[in-house]
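J.: Numbering (my numbering), first residue to last: 458 to 604.
Just so you know, even glycine gets a beta-carbon here, dropped at the ideal spot from N, CA and C.
Since the structure is predicted, the reported quantities are computational estimates derived from the model, not experimental observations.
For reference, the structure I am asking about is given below.
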């Protein structure tokens, strides 16, 4: 069986000790997603990230340093997640319901990251990164809760 393979870029936007996320409900469970999406053919990672945030949230961002790289493997697909620090340059955050099925935008306190189902499940690494502990930005395969 051939698994599909994806590269998903995501934004790490932290303001006032809170992380920008988008919330969804799957299987009766609340899930928080880092804003971003999959690359389109021929697209560069930072360009894809800027496109996704403009399409889904109406904001213009500058993608900076890479924060970390992680992998999620399921029986159907393999996804490489590349996270970048981002800064909002312009625009007001507003969900574009034509581009996303997210229910709302949520700013989650960094202290709460380990208590929420985050996709990708990198909350503990983001906490380490906030303290400048992460040296190897490749964290390998991570466990992801699915519903």
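For residue 538, count neighbouring Cβ atoms within 10 angstroms of its own Cβ and tell me buried if that reaches 16, exposed if not.
T.: Answer is buried; the Cβ neighbour count reaches 16.
J.: What residue does the alpha helix (DSSP H) around residue 556 start on, and which one ends it?
T.: Per DSSP, residue 556 belongs to no alpha helix (DSSP H) and is neither H nor E.
J.: Does residue 501 come out as helix, strand or coil in the three-state DSSP assignment?
T.: It is coil, neither helix nor strand.
J.: Quick one: what does DSSP say residue 485 is sitting in, helix, strand or coil?
T.: coil
J.: Going by DSSP, name the residue or residues bridged to residue 459.
T.: Residue 459 pairs with nothing; no bridge assigned.
J.: Could you spell out where the beta strand (DSSP E) holding residue 523 opens and where it closes?
T.: 517–530
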